[in-house]
Amino acid sequence: MSNQIEPKLIIHGGAGSSLKGKGGLESVRQSLHEIVTEVYQLLIEGKSATEAVIRGCQLLEDNPRFNAGTGSVLQSDGQIRMSASLMDGEKQRFSGVINVSRVKNPINLAQNLQNQEDRILSDYGSAELLRELNLPIYDPLTDLRLHEWIEERKENFTRKMAGVVAENNDNAKRGTIGVVALDKQGRISAGTSTGGKGLERIGRVSDSAMPAGNYANSQAGVSCTGIGEDIIDECLAAKVVIRVTDGLSLAEAMEKSIQEALTNQRDLGAIALDYNGSIVWGKTSEVLLAAYHNGKNIGDCLEWDDNKLIGNG
Ligand code: GLY
1139 MSNQIEPKLI IHGGAGSSLK GKGGLESVRQ SLHEIVTEVY QLLIEGKSAT EAVIRGCQLL
1199 EDNPRFNAGT GSVLQSDGQI RMSASLMDGE KQRFSGVINV SRVKNPINLA QNLQNQEDRI
1259 LSDYGSAELL RELNLPIYDP LTDLRLHEWI EERKENFTRK MAGVVAENND NAKRGTIGVV
1319 ALDKQGRISA GTSTGGKGLE RIGRVSDSAM PAGNYANSQA GVSCTGIGED IIDECLAAKV
1379 VIRVTDGLSL AEAMEKSIQE ALTNQRDLGA IALDYNGSIV WGKTSEVLLA AYHNGKNIGD
1439 CLEWDDNKLI GNG
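Spelled out as structure tokens, the structure:
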């Protein structure tokens, strides 16, 4: 018991425009804090970082408010295609699915693929895996997301992407969910899941099932949110983790990486933690919907100063 360390946890429900004044802030906070409470308890009970990340992603996917699993946005053709990945930092092993349909929890497929020869599957292969695993067919469509798409179609798709959080007002921007955990054994894992940008062309591939959007090793773990193309161009998650591995502190690595993203006019956010137990987040977007447990208390960055590039828990 004595050589066990204090677990840490950070989760996010996307990034985008401010929720202030839109009535959404307190309910988003409540959703995120409830999930942090449940998942942190698993870490306290001795569950692995990977188990905690999977459970956290499932809970976020199941909440229709967030753009992943149930409540995913529709693509330009009116279909939902989801992507998810899991990275076990101890094994430094990545797995994921790209543009999968008709499944409740895409993260479960990423979990299954962790121990397979072929660890990243696209649409057709993911559907085959679903069938092999006998997972029930599930429709993740919600009325609000369908309405959002129908309204866009009326205007012949003037917006470039759908809303980050499902709510009855125009809150256009991007969404994804993510979880990064450090367990009692000092192991780190990261998971990320998304419905994509929304309204995108068929076959567009998200960052969420790439090391650019989700990465971990024994030193640090990162999950990203924001515009996938921007995250890929910055290779953000892998860049932060590698900078920590090469000797920067997590805060230094995040600040340098977010500053570069800002210079390049990217629109994104990231959550991270390291083997020392540091919890850090960063963003160039207006708001990042993240919450954490630092071993002592639950906190979040929902009302974080817009001018700050990084914060820590
Ligand atoms: N970051 C989610 C996406 O752009 O697909």
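With positions in the sequence shown counted from 1, the corresponding number in our numbering is that position plus 1138.
Just so it is clear, CB atoms sit at the ideal spot from N, CA and C, and this is done for glycine as well.
Please state the DSSP three-state secondary structure of residue i.
| i | result |
| --- | --- |
| G1366 | helix |
| S1221 | strand |
| I1380 | helix |
| W1442 | coil |
| A1428 | strand |
| I1340 | coil |
| L1455 | Absent from the structure is residue 1455, since the part of the chain shown begins at 1139 and ends at 1451. |
| K1335 | coil |
| V1211 | coil |
| G1449 | strand |
| A1190 | helix |
| T1401 | helix |
| L1197 | helix |
| S1155 | coil |
| N1307 | Its pLDDT being 43, under 50, N1307 is placed unreliably by the model, and the measurement read from it follows with that caveat. If DSSP states are grouped into helix, strand and coil, N1307 belongs with coil. |
| I1148 | strand |
| V1143 | The sequence shown places Ile at residue 1143, rather than the Val named in the question. It is coil, neither helix nor strand. |
| L1411 | strand |
| L1374 | helix |
| S1416 | coil |
| T1314 | coil |
| T1330 | strand |
| A1319 | strand |
| K1434 | coil |
| A1354 | strand |
Is residue i buried or exposed, if buried means 16 or more other CB atoms sit within 10 Å of its CB?
| i | result |
| --- | --- |
| S1165 | exposed |
| Q1168 | exposed |
| Q1357 | buried |
| R1325 | buried |
| G1385 | exposed |
| K1377 | buried |
| H1176 | Going by the sequence as given, residue 1176 is Glu instead of His. E1176 comes out exposed. |
| I1149 | buried |
| G1216 | exposed |
| G1441 | Note that residue 1441 is Glu in the sequence shown here, rather than Gly. Under this definition E1441 is an exposed residue. |
| E1270 | exposed |
| R1193 | buried |
| H1431 | buried |
| D1461 | Here the chain covers residues 1139 to 1451 and nothing more, so residue 1461 does not appear. |
| L1284 | exposed |
| Q1249 | buried |
| R1381 | buried |
Output the distance between the C-alpha atoms of residue i and residue j, rounded to the nearest integer angstrom.
| i | j | result |
| --- | --- | --- |
| I1143 | D1256 | 33 Å |
| K1421 | K1292 | 33 Å |
| D1405 | K1335 | 12 Å |
| D1345 | G1437 | 27 Å |
| G1415 | M1220 | 31 Å |
| M1225 | A1265 | 21 Å |
| G1184 | L1400 | 39 Å |
| P1348 | E1289 | Checking the displayed sequence, the identity of residue 1348 turns out to be Met instead of Pro. Their Cα atoms are separated by approximately 31 Å. |
| W1287 | V1211 | 8 Å |
| A1206 | S1387 | 31 Å |
| L1181 | L1411 | 15 Å |
| S1260 | E1172 | 32 Å |
| L1273 | P1244 | 11 Å |
| N1246 | G1316 | 14 Å |
| R1203 | Q1323 | 33 Å |
| F1232 | V1379 | 14 Å |
| Q1213 | I1236 | 14 Å |
| Q1354 | V1360 | According to the sequence as given, residue 1354 is Ala; it is not Gln. Distance between the alpha carbons of A1354 and V1360: 6 Å. |
| P1278 | I1417 | 32 Å |
| K1146 | L1282 | 34 Å |
| G1341 | N1141 | 48 Å |
| V1318 | V1191 | 6 Å |
| A1429 | Q1230 | 25 Å |
| Q1397 | G1433 | 29 Å |
| L1198 | I1218 | 17 Å |
| L1337 | Y1413 | 38 Å |
| S1267 | D1443 | What sits at residue 1267 in the sequence shown is Leu, not Ser. For L1267 and D1443, the distance between alpha carbons rounds to 44 Å. |
So residue i packs on residue j, CB below 8 Å; how close in whole Å?
| i | j | result |
| --- | --- | --- |
| T1280 | G1209 | 5 Å |
| S1331 | C1195 | 5 Å |
| A1153 | L1427 | 7 Å |
| I1370 | A1350 | 5 Å |
| Y1276 | R1240 | 6 Å |
| S1186 | D1321 | 5 Å |
| I1258 | G1234 | 5 Å |
| L1136 | L1163 | The displayed coordinates of the chain run from 1139 to 1451. Any statement about residue 1136 would go beyond what the structure contains. |
| A1408 | M1392 | 7 Å |
Would residue i count as contacting chain D if we go by Cβ distances under 8 Å?
| i | result |
| --- | --- |
| S1395 | The structure shown contains no chain D; it is built from a single protein chain. |
* **Runs of beta strand (DSSP E) wholly within the region 1225-1294 (minimum 3 residues, chain order)** => Within the region 1225-1294, the runs of beta strand (DSSP E) that reach at least 3 residues and sit entirely inside it are, in chain order, 1231-1238.
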